[in-house]
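Since the structure comes first, as structure tokens, the remarks are kept for the end.
2 protein chains.
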Amino acid sequence: MNESSAPATIPAFEERLLELADRLPKRLRQCAEFVAANQDRIAVSTVAEMAEGAGVQPSAFMRFCQIMGFTGFSEMQRLFRDSYVGGWPDYTTRLDHLREKGGETGGGLLAEFVEAGRASLEGLLKTVDLQVLDEAVATLSFARVIHVIGMRRSFPVASYLSYAFEKMGVPAVLHSGLGRLDNQNAIVEGDAVLAVTFSPYAVETMDLVEKAMERQIPAVVLTDSTVNPLRKAGARLLAVSEVDFGAFRSLSATLCLAITLAVAIGTRRLSE
Amino acid sequence: MNESSAPATIPAFEERLLELADRLPKRLRQCAEFVAANQDRIAVSTVAEMAEGAGVQPSAFMRFCQIMGFTGFSEMQRLFRDSYVGGWPDYTTRLDHLREKGGETGGGLLAEFVEAGRASLEGLLKTVDLQVLDEAVATLSFARVIHVIGMRRSFPVASYLSYAFEKMGVPAVLHSGLGRLDNQNAIVEGDAVLAVTFSPYAVETMDLVEKAMERQIPAVVLTDSTVNPLRKAGARLLAVSEVDFGAFRSLSATLCLAITLAVAIGTRRLSE
DNA sequence: CTGAATATGGACTATATATTCTATTTTTTC
DNA sequence: GAAAAAATAGAATATATAGTCCATATTCAG
Chain G
1 MNESSAPATI PAFEERLLEL ADRLPKRLRQ CAEFVAANQD RIAVSTVAEM AEGAGVQPSA
61 FMRFCQIMGF TGFSEMQRLF RDSYVGGWPD YTTRLDHLRE KGGETGGGLL AEFVEAGRAS
121 LEGLLKTVDL QVLDEAVATL SFARVIHVIG MRRSFPVASY LSYAFEKMGV PAVLHSGLGR
181 LDNQNAIVEG DAVLAVTFSP YAVETMDLVE KAMERQIPAV VLTDSTVNPL RKAGARLLAV
241 SEVDFGAFRS LSATLCLAIT LAVAIGTRRL SE
Chain E
1 MNESSAPATI PAFEERLLEL ADRLPKRLRQ CAEFVAANQD RIAVSTVAEM AEGAGVQPSA
61 FMRFCQIMGF TGFSEMQRLF RDSYVGGWPD YTTRLDHLRE KGGETGGGLL AEFVEAGRAS
121 LEGLLKTVDL QVLDEAVATL SFARVIHVIG MRRSFPVASY LSYAFEKMGV PAVLHSGLGR
181 LDNQNAIVEG DAVLAVTFSP YAVETMDLVE KAMERQIPAV VLTDSTVNPL RKAGARLLAV
241 SEVDFGAFRS LSATLCLAIT LAVAIGTRRL SE
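Residue numbers (full-length UniProt numbering), protein chains in the order written: chain G, 1 to 272; chain E, 1 to 272.
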């Protein structure tokens with residue numbers, strides 16, 4: 001029974017499990033089988049629960065963890081918890097470290113941002129609600145004109161959407177809030193609003209969407225969580241959670257969802 | 001603050017969160033916002049971790065749980081652990097699944113764009129020239145004012161850079177080309193130019209950079225290949241190759257490089 | 001069948017974590 | 001601007017849970 005070192009990834013964990021499977025005594029094999037069939041439970045259960053599930057005593061389960069190479073259940077659980085949250089590290093503290101060290105090279109910083117972007121994209125696949133996405137596409141495809149709005153951090157996204165629509169020949173207007181003009185009156189029946197807004201929500205954006213909704217103009221909102229005041233008003237919410245590094249969101253996932261939305265709308269329009 | 005009964009489902013939980021969101025004191029609102037943006041973490045984190053994430057004391061987070069209607073954190077966590085049905089397939093499986101079944105619906109498109117974004121980010125790490133990056137950071141850190149320019153597809157990137165600089169207190173001007181004014185005269189000795197441009201290169205951008213270089217104003221150019229007319233003129237070129245899907249580039253890599261540049265400049269300025 | 005080796009169950013202990021309490025600060029109200 | 005109310009931070013406490021140990025049971029070799 002070599003103890004070696006603990007698996008560092010889930011594939012490595014599975015490897016190990018497979019390798020041990022046959023030469024394990026009864027109770028420990030029960031553990032192995034239960035774990036194999038219920039991997040996901042490890043992250044959210046206690047030893048007692050896992051042991052009960054496997055039909056063994058907690059202490060037997062502990063031995064199983066140790067034979068797998070971990071010091072105990074907690075260490076094994078950490079592997080699954082971390083991989084569940086996509087290894088989202090605490091970027092804020094890491095950035096602080098970078099700041100303190102000061103002389104960090106650009107390469108290290110780049111790696112951090114690439115990692116944040118990658119994690120965001122993966123998270124997007126997991127969390128996006130395809131039904132809402134399709135509904136949003138439908139809503140916006142029928143619009144006479146799409147009014148795009150986004151301030152501050154969301155402005156790059158809004159301008160990219162606007163560029164994409166332009167390129168595909170979809171009628172769209174980018175509301176910039178320039179000079180505090182909100183061009184409310186330009187939004188007429190048959191149009192639709194596509195807003196991009198992240199907490200803290202820009203008042204200009206919230207205002208525009210709210211006023212539009214009051215007039216029965218449909219609205220789609222790209223935002224950071226489904227808990228957004230605009231939901232009460234009846235807007236379709238597309239939630240994207242970005243991993244942020246320090247004070248900066250990567251925007252990768254948001255832009256990705258934005259371009260998907262734009263292209264889907266563009267093609268849908270063409271075919272009708 | 002009525003205690004009523006605890007939400008029994010996640011939608012009910014969200015409802016409650018939304019309902020409370022505005023009439024919550026500072027710290028508790030921080031909790032609400034963090035929870036809204038990181039719902040999935042609740043199942044696998046401790047109060048201490050959640051509190052740290054939200055930037056509050058554990059006790060504040062406990063109060064938040066109670067106001068949400070639970071007796072404490074454990075009860076709230078149970079809701080999320082129970083509803084964590086698991087079986088969340090990993091990134092690749094999910095991607096394949098979306099590609100196959102997604103087909104014409106939004107899902108298939110999304111999978112393609114996510115993949116394009118991810119590939120771009122990976123490519124970025126491999127191809128970026130760290131030495132040039134560090135030189136670019138040095139050049140721009142010493143500038144009195146950074147003049148940012150980017151048209152069409154590059155405009156979102158330019159505006160994001162401009163936003164990031166603003167947030168970090170780095171003096172920067174976004175040249176939009178609005179009304180065909182190029183504000184050449186605003187660029188004076190001691191300043192620097194940061195241009196974003198992809199083939200086909202916008203004349204406004206090329207003009208601005210060329211004229212600046214003639215006057216010995218240093219320029220950094222974020223572009224798609226090292227064969228760019230501006231190199232001859234002496235600009236520092238940062239090349240990014242984006243993977244594109246259909247007619248659309250993902251921008252992920254470009255934005256990632258842009259934010260790295262911005263943050264590196266911001267921190268460098270602070271430390272000098 | 002007997003003795004050695006191994007596996008198991010369950011009680012015990014250590015520790016991590018949730019929860020509560022209170023002094024202090026901040027905000028609100030008059 | 002002072003008093004009252006509410007909110008907050010941090011220490012103190014309670015509790016749930018992981019981890020250990022050992023007596024007993026089981027398996028295996030000869």
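All C-beta atoms, glycine included, are put in the ideal place defined by N, C-alpha and C.
Sub-8 Å separation of residue i and residue j beta-carbons
i: LEU18(E); j: VAL35(E); result: no
i: ALA195(E); j: GLY150(E); result: yes
i: VAL209(G); j: ALA219(G); result: yes
i: SER120(E); j: ALA247(E); result: no
i: ARG231(G); j: ARG118(E); result: no
i: SER176(E); j: PHE155(G); result: no
i: ALA37(E); j: SER83(G); result: no
Span separating the alpha-carbon of residue i from that of residue j
i: ILE187(G); j: TYR163(G); result: 19 Å
i: ARG249(E); j: VAL243(E); result: 6 Å
i: GLN57(G); j: ALA48(G); result: 8 Å
i: VAL132(G); j: ILE10(E); result: 17 Å
i: LEU130(G); j: ASN228(G); result: 19 Å
i: VAL240(G); j: VAL128(G); result: 7 Å
i: GLN66(E); j: GLY72(E); result: 6 Å
i: THR271(G); j: GLU166(G); result: Reading off the sequence shown, one finds Ser at residue 271(G), where the question assumed Thr. SER271(G) and GLU166(G): Cα-Cα distance of roughly 17 Å.
i: MET1(G); j: LEU24(G); result: Because MET1(G) carries a pLDDT of 37, less than 50, the predicted location of this residue cannot be relied on, and the following value inherits that uncertainty. Their Cα atoms are separated by approximately 10 Å.
i: GLU135(G); j: GLN77(E); result: 31 Å
i: GLU14(G); j: GLN30(G); result: 15 Å
i: MET206(G); j: MET168(E); result: 25 Å
i: MET50(E); j: VAL145(E); result: 40 Å
i: ARG63(E); j: GLU52(E); result: 15 Å
i: ASP96(E); j: LYS126(G); result: 13 Å
i: SER45(E); j: ASP22(E); result: 25 Å
i: GLN184(E); j: ASN185(G); result: 36 Å
i: THR267(G); j: ALA233(G); result: 29 Å
i: GLY87(E); j: GLY69(G); result: Confidence at GLY87(E) is low in this model, with a pLDDT of 47, below 50, so the placement of that residue should be treated as unreliable; the coordinate-derived value is given next. If I take the Cα positions, the gap works out to 24 Å.
i: GLU3(E); j: GLY107(E); result: With a pLDDT of only 39 at GLU3(E), under 50, the local geometry of the prediction cannot be trusted, and no value is derived from it.
Contact set for residue i: own chain, Cβ-Cβ below 7 Å, skip 5 residues either direction
i: LEU161(G); result: VAL148, LEU194, ALA258, ALA262
i: PHE245(E); result: GLU112, PHE113, ALA116
i: ARG269(E); result: SER141, VAL170
i: TYR201(G); result: none
i: ALA54(G); result: GLN30, CYS31, PHE34, PHE61
Close Cβ partners of residue i (< 6 Å) along its chain, the five nearest in sequence each way excluded
i: ALA60(E); result: ARG27
i: VAL221(E); result: ALA195, LEU230, ALA235, LEU237
i: GLN39(E); result: none
Sequence-distant residues of its chain with Cβ nearer than 8 Å to residue i (five each side left out)
i: ARG153(E); result: PHE198, ARG249, LEU251
i: GLU75(G); result: ALA6, CYS65
i: ALA8(E); result: LEU79
i: GLU189(E); result: ARG215, GLN216, ILE217
i: THR139(E); result: ALA192, PRO218, VAL220, ARG236
i: ARG41(E); result: GLU49, MET50, GLY53
Cβ distance (whole Å) where residue i is taken to contact residue j below 8 Å
i: ILE265(E); j: VAL170(E); result: 6 Å
i: ALA143(E); j: ALA192(E); result: 4 Å
i: VAL137(E); j: LEU255(E); result: Not a contact, Cβ separation roughly 17 Å.
i: THR260(G); j: LEU237(G); result: Not confirmed; about 16 Å, so no contact.
i: ARG81(E); j: ALA43(E); result: 5 Å
i: ALA12(E); j: LEU20(E); result: That pair is no contact at about 13 Å.
* Check each residue of the region 6-17 of chain E: if its Cβ is closer than 7 Å to any Cβ of chain G, include it; give the result in chain order. => Hits within the stretch, in order: GLU14, LEU17.
* Proximal residues, the region 196-223 of chain E versus chain G, C-beta separation under 8 Å -> Within the region 196-223 of chain E, no residue has a Cβ that lies closer than 8 Å to any Cβ of chain G.
* Short-range partners of chain G found in the region 123-134 of chain E, where Cβ spacing is below 7 Å -> Those would be LEU124, LEU125, VAL128, LEU130, LEU133, ASP134, in chain order.
* To do: Report the residues of the region 226-239 of chain G with a CB closer than 8 Å to any CB of chain E, ordered along the chain.
  => Shown in chain order are the members of the region 226-239 of chain G whose Cβ falls below 8 Å from a Cβ of chain E: THR226, VAL227, ASN228, PRO229, ARG231, LYS232.
* Can you list, in chain order, the residues of the region 34-47 of chain G whose Cβ is nearer than 7 Å to any Cβ on chain E? -> Cβ contacts with chain E come from ASP40, ARG41, ALA43, VAL44.
* the region 106-118 of chain G: which residues have C-beta closer than 9 Å to a C-beta of chain E, in chain order? -> From the region 106-118 of chain G, only GLY106, GLY107, LEU109, LEU110, ALA111, GLU112, PHE113, VAL114, GLU115, ALA116, GLY117, ARG118 have a Cβ closer than 9 Å to chain E.
* Give, in chain order, every residue of the region 147-181 of chain G whose Cβ lies closer than 8 Å to some Cβ of chain E. => ARG152, ARG153, PHE155, PRO156, VAL157, SER159, TYR160, TYR163, ALA164, LYS167: these are the residues of the region 147-181 of chain G whose beta carbon lies less than 8 Å from some beta carbon of chain E, given in chain order.
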